[in-house]
Amino acid sequence: PVSPREVTVLRQFKLCIILLPLLSLHRVRIVILVNSVRTSEMKELGAAGGQSPRSH
52 PVSPREVTVL RQFKLCIILL PLLSLHRVRI VILVNSVRTS EMKELGAAGG
102 QSPRSH
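Next up, the structure:
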């Protein structure tokens, strides 16, 4: 007897396994995208003259 929740988790797990190779292929592009977005955000914040509120 498998609960529907476990089924959905298993499906998501399979999806992750399928998507992982694709993600690793596109990781460079994703990193470049994220970096460009971050740099543009930092420029806007710098223009506003404030530190980044999202400091980890």
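Here our numbering is used: position 30 in the sequence shown is 81, and no number is missing along the way.
Here a beta-carbon is modelled for each residue, glycine too, at the ideal position from N, C-alpha and C.
Model, not experiment: these values are computed from the prediction.
{"Query": "Coil, strand or helix - P55 by DSSP", "Result": "helix"}
{"Query": "CB contact flag (I81, L70, <9 Å)", "Result": "no"}
{"Query": "Closer than 8 Å: T90 CB and nearest the ligand SAH heavy atom", "Result": "Of the ligands one can find in the structure shown there are none, so the ligand SAH has no counterpart to examine."}
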